[in-house]
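Visitor:
Number of protein chains: 2
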Amino acid sequence: MPTQTFFNLPEEKKKRLIAGAMKEFSAKSLNEASISNIVKNSQISRGSFYQYFEDKKDLYFFLIGKFRYNYRNLMLKSFQEKDGDFHEGYRLFSEKYIKYIMESEKFGFFENMYLHMNYQINQEARVDFKETKSQKLPDGKRIVDVVKRDNLKLTSENELIDILRYILSMLNDTIMEGFWKELTVNETQELFLKRLEWITYGIAVPEEEEVTYD
Amino acid sequence: MPTQTFFNLPEEKKKRLIAGAMKEFSAKSLNEASISNIVKNSQISRGSFYQYFEDKKDLYFFLIGKFRYNYRNLMLKSFQEKDGDFHEGYRLFSEKYIKYIMESEKFGFFENMYLHMNYQINQEARVDFKETKSQKLPDGKRIVDVVKRDNLKLTSENELIDILRYILSMLNDTIMEGFWKELTVNETQELFLKRLEWITYGIAVPEEEEVTYD
DNA sequence: AATGGAAATGACAAGATGTCATATTATATT
DNA sequence: AATATAATATGACATCTTGTCATTTCCATT
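Residue numbers (this note's numbering), protein chains in the order written: chain A, 1072 to 1285; chain L, 1072 to 1285.
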C-alpha cells in the first residue's frame, strides 16, 4: 500500500505520477517495467518514489486496484435484470465486463496485466463474494442473495459462492486467452459462453430417469 | 531452445549446469532468479552461459520441458483403464498427476513454477491433444480415440479436444491454487474433483423431459 | 608440429535498485 | 516575525544484473 505521504500529495503531482506509471506499465509488464523510467516519465526524484511506495509491485497493485472494474455492482445489476437466473445473469455480466477490459483506453495496461497474470495478480483483481450484510451496497443486497438457487443443484450458500468464484476465475482465464490469441471481443465472449454452457448444463448426457409403474 | 553446443557438452558439465539452475529456480521465481547465481552454482563462466542459452527464459523453459510430467501416456492409460469413461478417466489421471507435481523432490521448482505461472508458462507446460496418427504412441492410439463419446453431449471431435484441453487447464489452475493456499495433495485433488463434477454433470437442475403420449 | 575452427573466459559498459546524508519546505510555537 | 520542529524532496552512490566481445584455450586434422 502507498504511504500516507503519497495520498497527501497535491492532486497535480499524484496525477503526474500515476500517468507516468501507466505509460510504463502499458508498454511493459510488471517485470520489464523500471522505476527509473517511471520517475523519469513523471519528473519526480528517485528518492521521492521510495517515500511513496515500497517498491514497483506496491505501485502496480495500487494501480490495479484503482483501475480494475468495480464489478460487484455490475454483477448485482446483471443478475437482477435477469431475475436471478444464473446463466443469463453471467452472460449479461460477461458481455459488459469483457468489453470494459478489452475496449478500454487502458488496453495496453490490461493486456500486460492479463498476459502476465499469475495467482497473486489474480487475487488482487478479484471480487469478494463473502460480503457481509453490513457492507453498504445498493439496496443492501449481497450478490448471493440475488442469484436464484431453486433451479441449481446446490446444497448450500457456500457452494454457490464457490461456483460464482470459479466462474469468475474462468472468465478471467478466458480473457487472458483472448489477449494471448489476439481474439476480438466477440470471439472472447463466445469462448466464455461455450465454457459457461458446459458448466451450467454439463457435458454428460443425463442419466435416464428410472420410471416406476405401480 | 538451448544451442547445439549445450547438447554437445560432456554429461558431467551438463548435469552440473542443470543442477545449479534447478537450485536457483527452486528457491526463486523466474524473475527473481539470476544468471549470476546459476553460473556461480554450476561453476561455469558467464560467457559460456550465453553460448548455451539465449537468456534466462531459454534455460527455464528447457527445464520445464525436461522435468514436466510426460502426461500423454498417463492420460491414455487412465482413460483406457476406465473404459474410456470421461469422468472416471480424468479422476484417475488427476490423482497421479497431482501427486507427481506436489510430492516430487522438485517441489520447490514446481511450486515457483505454478505460483508464477502466466499464460506463456502455461503454454509451455501443456499437452498436445491434436496428435496426428503418425506420431508414435503406445499402440498408435491418440487420446481422443480412447475417450468414449457416446455418453457425452458432443457434436465433433474438435469439441472433445476443446473440453479435454479446458479440463487440463482447469486442473493446472487448481494445482496453482493448491500451492497458493498450501493445500495438501488430497485437498487439492478434492477441489479438482468438485469442479470436474460441475463440468461433467452441470450445476443446473435438468429440465423436465416433455413426455408425449400418443 | 602446425593449422583452424569450436568453445571458454572474464573484464566491461550500460542500466537497475534501494539507501542515505543533506537540502528544502511546511507547520507549530514562542 | 523569528525560531524550532517535523515532514518532504533530492540525487549521488554502493551494489548488483545483464549481455557482449576481444582474447585465450582446447582439440581434431592435416
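From the three backbone atoms N, C-alpha and C, an ideal C-beta is built for every residue, glycine too.
Helix, strand or coil: which one does DSSP assign to A1275 (chain L)?
Guide: In this structure, A1275 (chain L) counts as strand in the three-state DSSP scheme.
Visitor: Alpha carbon to alpha carbon, what distance is there between K1177 (chain A) and I1274 (chain A)?
Guide: Looking at the two C-alpha atoms, the distance is approximately 37 angstroms.
Visitor: Could you check the C-alpha separation between L1267 (chain A) and A1104 (chain L) for me, to the nearest Å?
Guide: 38 angstroms
Visitor: Does any residue of chain A bring its CB to less than 8 angstroms from the CB of N1189 (chain L)?
Guide: Cβ-Cβ to chain A under 8 angstroms: yes for N1189 (chain L).
Visitor: For G1273 (chain A), decide whether its Cβ has a neighbour in chain L, counting only Cβ atoms nearer than 8 angstroms.
Guide: yes
Visitor: Please name the residues in the region 1095–1124 of chain L whose beta-carbon is closer than 8 angstroms to at least one beta-carbon of chain A, in chain order.
Guide: N1102
Visitor: Measure the beta-carbon distance from F1138 (chain L) to L1130 (chain L) and round it to whole angstroms, keeping in mind my assumption that it falls under 8 angstroms.
Guide: The pair is not a contact, with the Cβ atoms about 12 angstroms apart (cut-off 8 angstroms).
Visitor: Check whether chain A comes within 8 angstroms of I1169 (chain L), counting only Cβ atoms and requiring the distance to be less than that.
Guide: no
Visitor: Check whether the region 1145–1154 of chain A and the region 1244–1252 of chain A touch, using three or more Cβ-Cβ pairs below 8 angstroms as the test.
Guide: no
Visitor: Just list the residues that DSSP pairs L1223 (chain A) with in beta bridges.
Guide: L:A1275
Visitor: Please classify D1244 (chain A) as buried or exposed, where buried requires at least 16 neighbouring CB atoms within 10 angstroms.
Guide: buried
Visitor: Taking the alpha helix (DSSP H) that A1098 (chain A) belongs to, which residues open and close that run?
Guide: E1082 to A1098
Visitor: Determine the chain L residues that contact R1266 (chain A) at a beta-carbon separation under 8 angstroms, and present them in chain order.
Guide: Contact note: R1266 (chain A) reaches chain L through Y1237, using a C-beta cutoff of 8 angstroms and chain order.
Visitor: What residues from chain L crowd round D1244 (chain A), counting only those whose CB sits closer than 8 angstroms?
Guide: Within chain L, the residues near D1244 (chain A) are S1240 and D1244.
Visitor: In whole angstroms, give me the CA-to-CA distance for M1241 (chain A) and L1235 (chain A).
Guide: 10 angstroms
Visitor: What are the start and end residues of the alpha helix (DSSP H) that includes D1244 (chain A)?
Guide: E1228 to W1251
Visitor: Count the C-beta pairs between the region 1171–1189 of chain A and the region 1181–1192 of chain L that are closer than 8 angstroms, then say yes if the count reaches three, no if not.
Guide: yes
Visitor: My output table needs one value for D1129 (chain L): the three-state DSSP class, helix, strand or coil.
Guide: helix
Visitor: So, is the C-beta of M1146 (chain L) closer than 8 angstroms to a C-beta in chain A?
Guide: no
Visitor: Taking the alpha carbon of F1150 (chain A) as the reference point, which residue from A:K1219, A:Q1122 and A:K1085 has its own alpha carbon closest?
Guide: A:K1219
Visitor: How should A1092 (chain L) be labelled, buried or exposed, when 16 other C-beta atoms within 10 angstroms of its C-beta is the threshold for buried?
Guide: buried
Visitor: I think F1200 (chain A) touches I1172 (chain A), with their Cβ atoms under 8 angstroms apart; what is that distance to the nearest whole Å?
Guide: Not confirmed; about 20 angstroms, so no contact.
Visitor: At which residue ranges does the region 1154–1221 of chain L contain complete beta strand (DSSP E) runs of 3 or more residues, listed in the order of the chain?
Guide: Counting only runs of at least 3 residues, the region 1154–1221 of chain L fully encloses no beta strand (DSSP E) element at all.
Visitor: Counting only the same chain and skipping the five closest in sequence on each side, list residues whose C-beta sits under 8 angstroms from that of I1238 (chain L).
Guide: Y1161, L1267 and I1270
Visitor: Have a look at A:Q1122, A:N1102, A:Q1114 and A:S1097 and flag the residue whose alpha-carbon is nearest the alpha-carbon of N1079 (chain A).
Guide: Residue A:Q1122 is the option with its Cα nearest to N1079 (chain A).
Visitor: Counting C-beta neighbours from all protein chains within 10 Å, is the total for N1183 (chain L) 16 or more, i.e. buried, or is it exposed?
Guide: buried
Visitor: Using beta carbons (cut-off 8 angstroms, strictly below), is K1127 (chain A) in contact with chain L?
Guide: Judged by the 8 angstroms Cβ criterion, K1127 (chain A) is not in contact with chain L.
Visitor: Where does T1259 (chain A) fall in DSSP's three states?
Guide: In this structure, T1259 (chain A) counts as helix in the three-state DSSP scheme.
Visitor: So which of L:R1117, L:K1148 and L:K1128 has the shortest CA-CA distance to V1217 (chain L)?
Guide: L:K1148
Visitor: Residues in the region 1129–1140 of chain A with C-beta within 8 angstroms of chain L's C-beta atoms, listed in sequence order?
Guide: none
Visitor: Rounding to the nearest angstrom, what Cα-Cα distance links R1213 (chain L) and E1202 (chain L) in this structure?
Guide: 6 angstroms
Visitor: Please confirm whether M1146 (chain L) and F1164 (chain L) have their CB atoms less than 8 angstroms apart.
Guide: yes
Visitor: Among A:R1117, A:N1222 and A:T1226, which residue has its Cα nearest to the Cα of E1159 (chain A)?
Guide: A:N1222
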